[in-house]
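J.: Just so we're aligned, residue 22 is where the sequence shown starts under this note's numbering, counting upward by one. Every residue, glycine too, gets a C-beta built ideally from N, C-alpha and C.
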Amino acid sequence: MSKSISDIINLFLAQIEFENRFSAHTLKAYKSDLEQFLRFCNDYEKFDLNKIDIKFVKKFLISQSENNLEKSSISRKLASIRGLFKFAFNNEHLETNYISFIKSPKVGRKLPEIISKNEFELLEKSLEKEKNIDKTLDLELIKVIFELLYGCSLRVSEACNLKKNSLNIKENTIRLIGKGNKMRIVPFGEKSKIVIENYLSSDRSINTEGYLLHTKEGNKIYTRLVHRIVKKYLSEVTDISKKSPHILRHSSATHMLDNGASLNTIKEILGHSDLSTTQIYTQVSIERLKEVYKKSHPKS
22 MSKSISDIIN
32 LFLAQIEFEN
42 RFSAHTLKAY
52 KSDLEQFLRF
62 CNDYEKFDLN
72 KIDIKFVKKF
82 LISQSENNLE
92 KSSISRKLAS
102 IRGLFKFAFN
112 NEHLETNYIS
122 FIKSPKVGRK
132 LPEIISKNEF
142 ELLEKSLEKE
152 KNIDKTLDLE
162 LIKVIFELLY
172 GCSLRVSEAC
182 NLKKNSLNIK
192 ENTIRLIGKG
202 NKMRIVPFGE
212 KSKIVIENYL
222 SSDRSINTEG
232 YLLHTKEGNK
242 IYTRLVHRIV
252 KKYLSEVTDI
262 SKKSPHILRH
272 SSATHMLDNG
282 ASLNTIKEIL
292 GHSDLSTTQI
302 YTQVSIERLK
312 EVYKKSHPKS
C-alpha cells in the first residue's frame, strides 16, 4: 500500500531535520510550505503523490500568486515541493518525478539596506552617554552585542549561542558553528577586542552553561531581545526602514568590501557556502557610489 502525502511529508521533514541537519528556521519554512500544499491537495482530493502532475503543482503556485504572494515566497514554496518530490522518488514512494522540470519564477533580488560608517560611530558615541539601561542588562553587554554583530559580522543566532570558550583573546579570533552546522574562525580587530575584554572583566553574574551573552541574572540572551536592543539604538542614528541585527552584518560586509577586502575573504568571514551570496555586496557598493555621485558631482 502506497503511503499518503501526509506520511511522506513527515518522513521528508524528519530526514532534513535529523540527517541533513537543516536549521530550525529552514525546517519551519519547509513545514509551513508543505502543510499548505497538503491542504491544497486535500481540497482537490489528491491523496497520492503519484496522482499529482505538473499541471496541478502549477495550479497551486498560481493560487499563491492570486493571493498576492511575492515571487520570492512562491519560489521558496516550489523549492519545498521539489525537495519533497525528490525525496519521494529517491525512496521509491514516487514512480516518476516530473516536478523537477518546473522552472522557478524569476525573482528580482533586493539590495540589503545598510548603515554608514559615520552612523555606526554615532551609535557608539550614543552608547557612551547612555543612562537609560534595562535593569536586567548592562551597558557593556549592549556594547558587545553591537561589536559581535558589526565588528565580527555574526548572525544574531550565532551571537546568542556563542560560548565564552569559543573566544581566543590572544589570537583575536572566534570559533563558532554557523548555518548548516559549519565551523568557521572569525577574526576581530583591536577595537573589538577592547570592547569584548571590558565586557568580560565587568561580568560578575554566574552563567552555568557558559554562554558569552547573558543578563545580570545569568540568563542567556535570546534573539528577540537582541532585535529590540538593535532597533532601539539604530533608531537614534538612522532612518532606514528596517532596523534589525542583520542590517549590521550587511553593513559590516559592505564596509569591508569598500575598504578593499576580497569577496572570498568576506565569504569566509560571513560563513556563506556560495560566493554568489556574497556577491550581492558588490552591487550594494556600486549603488552607494552612484548615490554619492548624484549628490556630489556637478555633472550629475
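Quick one: grab the DSSP three-state call for N112.
T.: Translated into positions along the sequence shown, residue 112 becomes position 91. Residue state, collapsed to three classes: coil.
J.: Pull up the distance between the alpha-carbon of F77 and that of K264, whole angstroms please.
T.: In the sequence shown, the residue the question calls residue 77 occupies position 56. In the sequence shown, the residue the question calls residue 264 occupies position 243. CA-CA distance, F77 to K264, rounds to 40 Å.
J.: Excluding the 5 residues preceding and the 5 following D279 in the sequence, name in chain order all residues of the same chain whose CB lies nearer than 7 Å to its CB.
T.: Residue 279 sits at position 258 when you count from the first residue of the sequence shown. These residues qualify, in order along the chain: S306.
J.: Please classify S101 as buried or exposed, where buried requires at least 16 neighbouring CB atoms within 10 angstroms.
T.: The count along the sequence shown starts at 1 and reaches residue 101 at position 80. Around the CB of S101, 16 or more other CB atoms lie within 10 Å, so the residue is classed as buried.
J.: Reducing DSSP to helix, strand and coil, say where L197 ends up.
T.: Indexing the sequence shown from 1 puts residue 197 at position 176. The answer is strand: DSSP assigns L197 an E or B state.
J.: In three-state DSSP terms, what is L188?
T.: Along the sequence shown, one-based indexing puts residue 188 at 167. Here L188 sits in strand by DSSP.
J.: Where does K237 sit, in a helix, a strand or coil, going by DSSP?
T.: Residue 237 sits at position 216 when you count from the first residue of the sequence shown. Coil at K237, not helix or strand.
J.: When you compare only the Cα positions, how much space is there between L234 and H267?
T.: Taking the first residue of the sequence shown as 1, we reach residue 234 at position 213. Taking the first residue of the sequence shown as 1, we reach residue 267 at position 246. Roughly 17 Å separates the two Cα atoms.
J.: If you run the structure through DSSP and keep just helix, strand and coil, what is R42?
T.: Within the sequence shown, residue 42 is the residue found at index 21, counting from 1. Taken through DSSP and simplified to helix, strand or coil, R42 comes out as coil.
J.: Should the stretch 251-265 be called in touch with the stretch 201-217, which here means at least 3 C-beta pairs below 8 Å?
T.: no
J.: Output the boundary residues of the alpha helix (DSSP H) element that contains R249.
T.: Here residue 249 refers to the residue found at position 228 of the sequence shown. Note, R249: alpha helix (DSSP H), 244-255.
J.: Which residues mark the beginning and the end of the alpha helix (DSSP H) in which V207 is found?
T.: Start at 1 with the first residue of the sequence shown, and residue 207 comes out as number 186. Looking at the DSSP string, V207 is not in any alpha helix (DSSP H); the run it does join, the beta strand (DSSP E), is 204-208.
J.: Please classify L34: is it buried, with 16 or more other beta-carbons within 10 angstroms of its beta-carbon, or exposed?
T.: Residue numbering aside, residue 34 sits at position 13 when the sequence shown is read from its first letter. Looking at its Cβ environment, which holds 16 or more other Cβ atoms inside 10 Å, L34 is buried.
J.: Thinking Q36 and F81 are a contact (beta carbons under 8 Å), I'd like their distance in whole angstroms, please.
T.: Counting from 1 along the sequence shown, the entry for residue 36 is found at position 15. Counting from 1 along the sequence shown, the entry for residue 81 is found at position 60. Incorrect: roughly 22 Å between the Cβ atoms, too far for contact.
J.: What separation, rounded to the nearest whole angstrom, lies between the Cα atoms of P126 and K92?
T.: On the sequence shown, residue 126 is found 105 positions in, with the first residue counted as 1. On the sequence shown, residue 92 is found 71 positions in, with the first residue counted as 1. Cα to Cα, the separation comes out at about 6 Å.
J.: If S226 sits next to K237, beta carbons under 8 Å apart, how far is it from one beta carbon to the other, in whole angstroms?
T.: Translated into positions along the sequence shown, residue 226 becomes position 205. Translated into positions along the sequence shown, residue 237 becomes position 216. Right, their Cβ atoms sit about 5 Å apart.
J.: Closest by CA to N219, which one among H46, I190, K49?
T.: As a first step, residue 219 must be located in the sequence shown, where it is residue number 198. Checking every option, the nearest Cα to that of N219 belongs to I190.
J.: For the alpha helix (DSSP H) holding S213, just list the boundary residues, first then last.
T.: Here residue 213 corresponds to residue number 192 of the sequence shown, with the count starting at 1. First-last of the alpha helix (DSSP H) with S213: 211-223.
J.: Among L144, A274, Q85, which one has its Cα closest to the Cα of R176?
T.: Here residue 176 refers to the residue found at position 155 when the sequence shown is read from its first residue. Looking at the Cα atoms, A274 is the closest of the given residues.
J.: Under 7 Å, do K30 and L55 count as touching if we go by C-beta distance?
T.: Here residue 30 corresponds to residue number 9 of the sequence shown, with the count starting at 1. Here residue 55 corresponds to residue number 34 of the sequence shown, with the count starting at 1. Reading the sequence as shown, one finds Ile at residue 30 and not Lys. Against a cut-off of 7 Å, the Cβ pair of L55 and I30 comes out as a contact.
J.: Any idea what DSSP makes of Y51, helix, strand or coil?
T.: Taking the sequence shown and counting its residues from 1, one reaches residue 51 at position 30. Helix, per DSSP.
J.: Quick one: what's got a C-beta closer than 8 Å to N186's C-beta in the same chain, skipping five residues either side?
T.: Residue mapping note: residue 186 aligns to position 165 of the sequence shown, counting from 1. Cβ neighbours of N186 beyond the five flanking positions: G231.
J.: Whose C-alpha, out of H276, L32, I198, H271, is nearest the C-alpha of N111?
T.: Residue numbering aside, residue 111 sits at position 90 when the sequence shown is read from its first letter. The shortest C-alpha separation from N111 is found at L32.
J.: For S178, report the span of its alpha helix (DSSP H) as first-last.
T.: In the sequence shown, the residue the question calls residue 178 occupies position 157. Counting along the chain, the alpha helix (DSSP H) containing S178 begins and ends at 177-181.
J.: Report the residue ranges of all alpha helix (DSSP H) runs contained in full by the stretch 64-92; include only those spanning at least 4 residues, in chain order.
T.: 75-87
J.: Pull up the distance between the alpha-carbon of L162 and that of I83, whole angstroms please.
T.: As a first step, residue 162 must be located in the sequence shown, where it is residue number 141. As a first step, residue 83 must be located in the sequence shown, where it is residue number 62. Their Cα atoms are separated by approximately 48 Å.
J.: Mapping DSSP to helix, strand and coil, what is Y232?
T.: As a working note, residue 232 is residue 211 in the sequence shown. Y232: strand per DSSP, three-state reduction.
J.: Distance check for L169 and I198, CA to CA, integer angstroms please.
T.: Along the sequence shown, read from residue 1 onward, the residue named residue 198 stands at position 177. Along the sequence shown, read from residue 1 onward, the residue named residue 169 stands at position 148. Approximately 15 Å, taken between the alpha carbons.
J.: Less than 8 Å between C-beta atoms, sequence neighbours within five positions excluded: which residues of the same chain meet that for F172?
T.: Against the sequence shown, residue 172 aligns to sequence position 151. The sequence shown places Gly at residue 172, rather than the Phe named in the question. Closer than 8 Å at the Cβ level, and outside the excluded window around G172, lie F209, G210, K212, S213, V216, S273.
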